[in-house]
Every structure is written in C-alpha cells, then in structure tokens.
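This report concerns only the one structure given below.
Numbering (the numbering used here), first residue to last: 805 to 926.
Printed below as a string of structure tokens:
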C-alpha cells in the first residue's frame with residue numbers, strides 16, 4: 805500500500821496478509837482528504853486521531869498532508885505491531901503515538917477535545 809499525496813507520497817507501508825486488518829483503500833483515502841480540502845479544512849499543525857487504526861495508513865496520509873501529530877488506537881496486537889513497524893520505516897517516531905486499547909474504551913476515558921480531527925473506521 806502506498807501513501808498517495810504530500811511529503812510522504814509514494815512511500816510504501818507494510819500491509820498484513822489475511823482479513824484481520826483491512827487497510828483503508830487508496831480511493832477511499834483520497835476521497836476523504838478531497839472532501840476535507842473542498843471544505844477548506846487545513847491539516848497543517850493539526851492533531852489527528854485514528855481509532856481502529858489497523859496499519860495506520862490514514863494517519864500517515866494525514867501527516868504526509870500536513871498534520872503535526874497522529875495518535876493511533878487499536879486493540880489488536882498484530883495491528884499495533886504493524887503500526888510500530890510502519891512508523892519506524894517512515895521515520896515518524898516523533899510524530900506518531902500508538903496506543904493498544906479498545907477504541908470505544910479510549911473514547912470513554914480520554915478528552916477528545918485535544919484532537920483536531922478524528923477518523924473512525926471499525
């Protein structure tokens with residue numbers, strides 16, 4: 805899977821085999837960010853939250869397009885391990901926080917006002 809736009813455009817991320825983790829397709833990612841741009845949403849210096857993050861590809865797209873930081877939340881050990889590997893490969897260790905927790909529990913226990921954009925794709 806490839807990041808489609810921004811500073812990281814063309815960079816590959818590792819995707820899992822099987823159906824446990826299903827990354828958001830490039831067409832869907834492009835559509836999401838096109839809608840944000842059409843609404844004049846500026847991603848620069850934003851804090852992005854991705855719940856049910858899987859590979860983290862949507863967060864990587866957000867950072868590539870200007871988000872300052874991203875927090876990835878997933879309860880799957882495999883998803884967290886994969887996200888960590890992708891963060892390391894993309895050299896985003898200073899920009900990305902990965903939390904192994906159920907996304908619903910995360911929402912119940914955290915103050916979401918500290919994030920500018922939240923993406924949820926269970």
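Note that beta-carbon positions come from the ideal geometry of N, C-alpha and C, so glycine has one too.
Which word fits residue i, buried or exposed, when buried means at least 16 other C-beta atoms lie within 10 angstroms of its C-beta?
i, result
"residue 827", "buried"
"residue 901", "exposed"
"residue 924", "exposed"
"residue 908", "exposed"
"residue 817", "buried"
"residue 922", "exposed"
"residue 897", "exposed"
Quick one: give me the first and last residue of the beta strand (DSSP E) that residue i is part of.
i, result
"residue 902", "900-904"
Taking residue i as part of the alpha helix (DSSP H), name the residues at either end of that continuous run.
i, result
"residue 832", "830-842"
"residue 894", "881-894"
"residue 993", "Residue 993 is absent from the model: the chain starts at 805 and stops at 926."
"residue 912", "907-913"
Please name the residue or residues paired with residue i in a DSSP beta bridge.
i, result
"residue 845", "DSSP, once it has assigned bridges, lists no residue as partnering residue 845."
"residue 874", "852 and 900"
"residue 924", "855"
"residue 806", "816"
Using beta carbons (cut-off 8 angstroms, strictly below), is residue i in contact with chain D?
i, result
"residue 897", "No chain D appears in this structure, which consists of one protein chain only."
Given this structure, state the Cα-to-Cα distance separating residue i from residue j, to the nearest angstrom.
i, j, result
"residue 912", "residue 884", "20 angstroms"
"residue 868", "residue 831", "16 angstroms"
"residue 866", "residue 823", "24 angstroms"
"residue 887", "residue 915", "23 angstroms"
"residue 859", "residue 917", "24 angstroms"
"residue 846", "residue 813", "18 angstroms"
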